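Following: one structure in structure tokens, then a few remarks.
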Amino acid sequence: MEKLQYISQGFTQAEQESNIKNALDNGAKWVQVRWKNTPENELMRLCDKIKMLCLEYKSVCIINDHVQVAKDIDSDGVHLGLQDTSVEAARSVLGKNKIIGGTANTFSDFLRRINESCDYIGLGPLRFTSTKEQLSPVLGFEGYEEIIRGLQEKSMEIPKIFAIGGIVLADIGRLQQSGIYGVAVSGLITNKPSVIGAFRTALYENSTTL
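In our numbering, the protein residues as written are 133 to 342.
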């Protein structure tokens with residue numbers, strides 16, 4: 133599974149398309165289409181375009197929240213927030229071969245996601261970010277380390293965890309040392325897509341996880 137996720141930004145379809153295309157041009161191999169508070173027909177048009185674009189670039193296309201849209205355009209999968217459709221319900225719609233990721237903020241969230249058999253868990257936020265409305269409590273590095281330590285104490289296998297929330301390049305080493313698999317980045321890549329190469333180099337060359 134790719135270690136760097138780009139979560140799209142943009143208030144309009146044109147902005148979304150431009151930002152995603154820039155990310156793909158700079159080497160993004162995983163795009164999560166996130167366009168909040170927009171009519172579903174407009175979201176469908178965007179997602180359909182992005183799915184085709186990702187096919188062209190041989191990149192993974194994940195849809196944020198909208199299970200039916202993910203099914204209708206035959207995307208690679210869906211990412212679910214804590215208040216969204218359950219993983220079980222999404223799996224029944226999308227089938228066993230699609231990727232389903234889920235958000236977690238607390239240790240109990242994390243255990244819930246493991247029990248739901250998510251393919252990966254987006255854990256955060258690491259620090260404050262203005263990208264997301266209604267931000268969950270900030271974890272900090274210590275929060276990640278505490279959650280992973282809690283799993284180890286229960287002798288539980290550590291799933292694929294993606295850190296999210298204000299991630300910068302300098303965070304990669306410590307995050308990976310704690311057991312984090314990868315990172316999800318939005319604003320930084322939107323504003324400077326050329327950082328993708330450096331992120332991927334850090335994630336893969338310095339990786340301590342498989």
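Where a beta carbon is used, it is the ideal one built from N, C-alpha and C, also for glycine. None of these values were measured; they are calculated from a predicted model.
Query: Same chain only: Cβ atoms within 8 angstroms of Tyr336, ignoring 5 sequence neighbours per side; Result: Lys135
Query: Nearest neighbour of Tyr313, chosen from Gly329, Ala295 and Thr322 [CA to CA]; Result: Ala295
Query: Where Gln164 falls, given that 16 or more other Cβ within 10 Å makes a residue buried; Result: buried
Query: Element boundaries [alpha helix (DSSP H), containing Thr235]; Result: Premise fails: Thr235 lies in the beta strand (DSSP E), Ile231 to Ala236, not in any alpha helix (DSSP H).
Query: Residue burial classification, Lys183 (beta-carbon count within 10 angstroms, cutoff 16); Result: buried
Query: For Ala160, three-class secondary structure by DSSP; Result: coil
Query: Where Phe260 falls: helix, strand or coil (DSSP); Result: coil
Query: Cβ distance (whole Å) where Ile139 is taken to contact Ser318 below 8 angstroms; Result: 4 angstroms
Query: Cα-Cα separation between Lys228 and Leu212, rounded to whole angstroms; Result: 16 angstroms
Query: Distance between Gly282 and Glu174 (C-alpha atoms, nearest Å); Result: 42 angstroms
Query: Per-residue DSSP class, three states only, for Phe143; Result: coil
Query: Cβ pair Val377, Trp162 closer than 7 angstroms; Result: Lying outside 133 to 342, the shown extent of the chain, residue 377 is not represented and no answer is given.
Query: Where Ser287 falls, given that 16 or more other Cβ within 10 Å makes a residue buried; Result: exposed
Query: Near the ligand NAP: Ile182 beta-carbon under 6 angstroms from a heavy atom; Result: As for the ligand NAP, it is missing from this structure, which has no ligand bound.
Query: Pairwise C-alpha distance: Gln309 and Ala334; Result: 12 angstroms
Query: Test item: CB-CB of Arg223 and Gly234 under 7 angstroms; Result: no
Query: Distance CB(Lys203)-CB(Val225) smaller than 7 angstroms; Result: yes
Query: Of the residues Thr261, Asn151, Ala236 and Leu156, the one placed nearest Leu187, counting alpha carbons only; Result: Leu156
Query: Gly209 in three-state terms, based on DSSP; Result: strand
Query: Helix, strand or coil at Cys193 [DSSP, three-state]; Result: strand
Query: Extent of the continuous alpha helix (DSSP H) to which Val315 belongs; Result: No alpha helix (DSSP H) holds Val315; the beta strand (DSSP E) holding it covers Gly314 to Val317.
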